[in-house]
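This report refers to the structure that appears directly beneath it.
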Amino acid sequence: MGSKKNSLLSVSFILLAACLWGTAGVFVRSLEGILSEMQIVLWRALLSCVIIGVITHIKDIRLIKIKIKDLPWFAASGIVSIVLFNFSYYKTMSLTSLSVSAVLLYTAPFFVVFISVFAFKEKLTLQKLFACVCAFIGCCMVSGLFGSGQKISAEALFFGLLTGFGYAMYTVFGEILLKKGYSSLTITFYTFLCASIGCIPFVNAFETVSAAFSSLNLLLTVFGMALVNTVFPYILYTNGLKGVEPSMAPIMATVEPVVATLIGTFLFKEPLDTVGFLGILLVLSAVVILNIKNNNTVSVKAFAKINLGLGILGKRENGYHDIDTVMQSVGIYDKLTIKKQKEISVNCDKCDIPQEENIAFKAAKLFFGETGIQGGAKISIKKGIPECAGLGGGSADAAAVLVALNKIYKAELTNERLILLAERLGADVPFFIEGGTQRAQGIGEILTACEPLENCYILLVKHGKKSSTKEMYGKLDSGEYDVPNTPDLVSALKEKDYSRICDNVGNSFEKVSDQSGLKAELEALGADAAVLSGSGPTVFALFEDEQKAQAAYKIAVTKYNECYLTVPKQTALKIE
1 MGSKKNSLLS
11 VSFILLAACL
21 WGTAGVFVRS
31 LEGILSEMQI
41 VLWRALLSCV
51 IIGVITHIKD
61 IRLIKIKIKD
71 LPWFAASGIV
81 SIVLFNFSYY
91 KTMSLTSLSV
101 SAVLLYTAPF
111 FVVFISVFAF
121 KEKLTLQKLF
131 ACVCAFIGCC
141 MVSGLFGSGQ
151 KISAEALFFG
161 LLTGFGYAMY
171 TVFGEILLKK
181 GYSSLTITFY
191 TFLCASIGCI
201 PFVNAFETVS
211 AAFSSLNLLL
221 TVFGMALVNT
231 VFPYILYTNG
241 LKGVEPSMAP
251 IMATVEPVVA
261 TLIGTFLFKE
271 PLDTVGFLGI
281 LLVLSAVVIL
291 NIKNNNTVSV
301 KAFAKINLGL
311 GILGKRENGY
321 HDIDTVMQSV
331 GIYDKLTIKK
341 QKEISVNCDK
351 CDIPQEENIA
361 FKAAKLFFGE
371 TGIQGGAKIS
381 IKKGIPECAG
391 LGGGSADAAA
401 VLVALNKIYK
411 AELTNERLIL
421 LAERLGADVP
431 FFIEGGTQRA
441 QGIGEILTAC
451 EPLENCYILL
461 VKHGKKSSTK
471 EMYGKLDSGE
481 YDVPNTPDLV
491 SALKEKDYSR
501 ICDNVGNSFE
511 KVSDQSGLKA
521 ELEALGADAA
531 VLSGSGPTVF
541 ALFEDEQKAQ
551 AAYKIAVTKY
561 NECYLTVPKQ
571 TALKIE
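Number 320 in my numbering belongs to position 320 of the sequence shown; there are no gaps in the numbering.
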């Protein structure tokens with residue numbers, strides 16, 4: 001449910017960003033003959049950097065912080081996707097017509113589609129390729145290229161394709177930096193800071209400043225271009241990348257020339273012929289094609305969890321225990337494919353229990369029983385989360401089934417209703433409906449979102465045989481144990497104070513666990529903190545430094561069979 005909403009919001013962000021980019025002509029027309037192309041690029045980048053910097057300072061100054069080792073990615077984003085893109089675009093326009101330049105710009109979706117296959121392991125589907133072709137032909141028609149008889153030189157073709165490549169790379173760099181845990185504000189701020197620095201060799205700084213300040217109207221135009229045509233769309237577009245595949249974003253952004261054409265038609269009285277109108281329809285069709293889904297089948301990635309802090313507060317009369325825990329989604333996952341059919345069936349590649357005992361089967365049965373829907377589901381599970389590890393693999397699968405069936409059968413259950421159903425399947429299943437970083441109280445059903453854990457690496461090591469959770473609780477009930485300070489942990493997350501986070505992680509089950517030796521080993525390998533997850537036997541270790549994390553993983557994997565190096569995730573489920 002939440003994934004569906006996020007996807008629709010992301011699509012809206014990207015389309016709105018493209019519409020705002022399409023207003024460029026309004027500003028460029030006002031600046032023609034006063035500022036050169038590269039002077040416009042410098043002012044756009046510099047003012048955008050200042051505006052985003054102010055916004056970031058107001059929202060959370062800590063977002064300015066980045067890791068030095070990631071600076072090359074920000075520099076590449078600024079130099080390649082802003083400076084190189086704009087330089088190549090203006091060079092192409094000097095070598096050929098505006099229509100040909102615009103068409104070559106929109107070779108970008110092809111670059112992203114193919115780069116995403118290798119960089120992000122995306123599937124190359126006929127649907128994406130068909131949408132690319134529709135968008136490209138539509139751009140040709142909108143730009144008036146068809147029937148014009150225009151010829152293009154090899155030099156113009158080279159710089160035109162370089163334009164498309166530069167434009168495409170913002171999507172690629174943006175996705176990489178999002179995966180590293182940076183916010184859209186951080187990414188856009190440093191992209192335009194690096195772009196501003198990259199523009200300086202190509203312009204006369206004194207002339208650029210003097211020209212912009214020659215009149216108030218001109219200064220307001222430059223500022224408006226930075227805000228409306230740069231800051232807002234880049235922030236929206238980068239946010240949109242969180243909820244769609246990278247290869248889909250630039251195809252949807254091809255509505256930009258459509259908007260530019262409509263602005264030219266209605267504002268500047270430029271003619272729009274039948275071919276151009278059909279081109280607009282073809283571009284919009286490409287966006288629709290990308291968003292057509294097979295409603296009978298849903299694929300879901302169900303991410304594991306760790307317990308940053310797990311305090312056992314006491315036992316209730318009904319046998320359940322009150323807990324106070326902070327759960328965190330992490331990047332290893334089970335892959336589920338749920339397909340509509342008459343009966344319920346479950347096939348799991350690593351499960352050796354009868355399907356009726358599988359929690360995924362129980363989740364499907366509960367869904368149909370509670371909704372009154374007559375139906376079934378073929379549930380295929382490819383395990384990536386180790387079993388019986390204290391990482392919530394079964395619970396994640398159960399939540400994935402509830403969310404997927406809600407989508408397939410259009411039951412329109414709210415997340416609140418899904419959480420109530422999840423509670424009946426297990427104490428930690430409710431967490432997996434939304435996931436991310438959440439404090440869970442009661443028996444696990446009272447959930448409160450926390451500030452996300454970011455910019456760190458998590459090493460998971462499963463070692464030893466798991467004792468049943470019931471047995472572990474029994475051991476606690478018969479003796480004394482420590483209770484981590486969950487309020488302090490929540491406070492540290494809110495303040496993004498990594499050292500305090502490490503100081504406040506803990507687990508009451510460690511008192512009756514035999515994993516103290518493993519914890520000590522991981523700490524000796526340079527971990528900032530090492531803690532038992534759930535009732536074990538997996539121990540997770542936190543690292544702020546990626547190189548230390550990689551080094552510890554390489555050593556741990558030689559000794560233990562089940563080791564995973566991963567990062568925090570801000571969702572428990574990803575519908576594909």
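Beta carbons: idealized from backbone N, C-alpha and C, even for Gly.
Exercise. Do you know whose CA, among 321, 42, 325, 529, lies nearest residue 207's CA?
Worked result: Comparing Cα positions, the closest option is 42.
For this session: Could you tell me which residues DSSP pairs with residue 381 in its beta bridges?
Result: Bridge partners of residue 381: 336, 348.
Exercise. What does a CB cutoff of less than 6 Å around residue 190 pick up in its chain, not counting 5 residues either side in sequence?
Worked result: Excluding residues within five positions, the ones whose Cβ falls inside 6 Å are 74.
Problem set entry | Neighbourhood of residue 20 by C-beta distance below 7 Å, restricted to the same chain and skipping five residues each side | Only 228, 229, 232, 233 meet the Cβ criterion.
Exercise. Per DSSP, residue 584 forms a beta bridge with which residues?
Worked result: Residue numbering for the chain in the displayed model covers 1 to 576; residue 584 lies beyond these limits and cannot be assessed.
For this session: Would you check if the stretch 301-311 and the stretch 157-173 touch, i.e. whether three or more CB-CB distances between them fall below 8 Å?
Result: By the Cβ criterion, the stretch 157-173 is not in contact with the stretch 301-311, since fewer than three pairs of Cβ atoms, one from each stretch, lie closer than 8 Å.
Exercise. Taking Cβ to Cβ, would you say residue 322 is nearer than 8 Å to residue 443?
Worked result: With contacts defined as CB atoms closer than 8 Å, residue 322 and residue 443 qualify as a contacting pair.
Exercise. Can the beta-carbon of residue 504 be found less than 8 Å from the beta-carbon of residue 375?
Worked result: Residue 504 places its beta carbon 8 Å or farther from that of residue 375.
Exercise. Assuming residue 44 and residue 226 make a contact with CB atoms under 8 Å, what is their CB distance in whole Å?
Worked result: That pair is a contact at about 5 Å.
Exercise. So the alpha helix (DSSP H) residue 137 belongs to, where does it begin and stop?
Worked result: Segment 126-142, the alpha helix (DSSP H) holding residue 137.
For this session: Out of 447, 367, 384, point me to the one whose CA is closest to residue 413's CA.
Result: Measuring from the Cα of residue 413, the nearest candidate turns out to be 367.
Problem set entry | CA nearest to the CA of residue 327, picked from 407, 437, 163 | Closest option to residue 327, Cα to Cα, is 437.
For this session: Give me the Cβ distance between residue 106 and residue 257, rounded to the nearest whole Å; I'm assuming they're in contact under 8 Å.
Result: Right, the Cβ-Cβ distance comes to about 7 Å (below 8 Å), so this counts as a contact.
Exercise. Excluding sequence positions up to five away, which residues of its chain have a Cβ less than 6 Å from the Cβ of residue 453?
Worked result: Counting only Cβ-Cβ distances below 6 Å, and skipping sequence neighbours, we find 328, 437, 568.
For this session: Please classify residue 439: does DSSP put it in a helix, a strand, or coil?
Result: Looking at residue 439 - three-state DSSP - the assignment turns out to be strand.
For this session: List the residues that DSSP assigns as beta-bridge partners of residue 307.
Result: According to DSSP, residue 307 bridges with 327.
Exercise. Excluding the five sequence neighbours on either side, which residues of its own chain have a C-beta within less than 6 Å of the C-beta of residue 186, listed in chain order?
Worked result: Contacts found: 63.
Exercise. Going straight from the alpha carbon of residue 332 to that of residue 522, what length do you get?
Worked result: Cα to Cα, the separation comes out at about 19 Å.
For this session: Spell out a yes or no on whether the stretch 285-292 and the stretch 50-66 are touching, meaning 3 or more CB-CB pairs, one atom from each, closer than 8 Å.
Result: Output reads no: the stretch 50-66 does not touch the stretch 285-292.
For this session: Could I get the ranges of all uninterrupted alpha helix (DSSP H) runs contained in the stretch 219-249, with 4 residues as the minimum, in chain order?
Result: The alpha helix (DSSP H) runs of length 4 or more contained entirely in the stretch 219-249 are, from start to end of the chain, 232-240.
Problem set entry | Sufficient close CB pairs (3 or more, under 8 Å) joining the stretch 249-266 to the stretch 10-26 | The stretch 249-266 makes contact with the stretch 10-26, as at least three CB pairs between them are under 8 Å.
Problem set entry | Rounded separation between residue 198 and residue 497 - CA only | Distance between the alpha carbons of residue 198 and residue 497: 33 Å.
Problem set entry | Paired residues, beta bridge with residue 577 - DSSP | Shown here, the chain extends from 1 to 576; a query on residue 577 therefore has no answer.
Exercise. Taking all protein chains shown into account, do 16 or more other C-beta atoms lie within 10 angstroms of the C-beta of residue 369, making it buried, or fewer, making it exposed?
Worked result: Under the 10 Å beta carbon count, residue 369 is surrounded by fewer than 16 other beta carbons and is classified as exposed.
For this session: Have a look at residue 222 and residue 40 and give me their C-alpha separation to the nearest angstrom.
Result: Rounded to whole angstroms, residue 222 to residue 40 spans 8 Å at the Cα level.
Exercise. How would you write the range of the beta strand (DSSP E) that residue 158 sits in, first residue to last?
Worked result: For residue 158, no beta strand (DSSP E) segment is defined; the enclosing uninterrupted segment is the alpha helix (DSSP H) at 154-179.
Exercise. Taking one C-beta from the stretch 382-391 and one from the stretch 413-425 each time, how about it: are there three or more such pairs within less than 8 Å?
Worked result: By the criterion of at least three beta-carbon pairs nearer than 8 Å, the stretch 382-391 is not in contact with the stretch 413-425.
For this session: Please say whether residue 300 and residue 573 have beta carbons closer to each other than 8 Å?
Result: Contact annotation: residue 573 and residue 300 have beta-carbon atoms nearer than 8 Å.
Exercise. Are residue 241 and residue 343 close, meaning C-beta to C-beta below 8 Å?
Worked result: In this structure, residue 343 does not lie closer than 8 Å to residue 241 by Cβ.
For this session: Please list, in chain order, all residues of the same chain as residue 38 whose beta carbon is under 8 Å from its beta carbon, the five residues on each side excluded.
Result: If you ignore the 5 residues before and after residue 38, its C-beta comes within less than 8 Å of the C-beta of 86, 87, 90, 199, 202, 203, all in its own chain and listed in chain order.
For this session: Report the option in 139, 265, 7, 491 whose CA atom is closest to the CA atom of residue 448.
Result: Ranking the options by Cα distance to residue 448, first place goes to 491.
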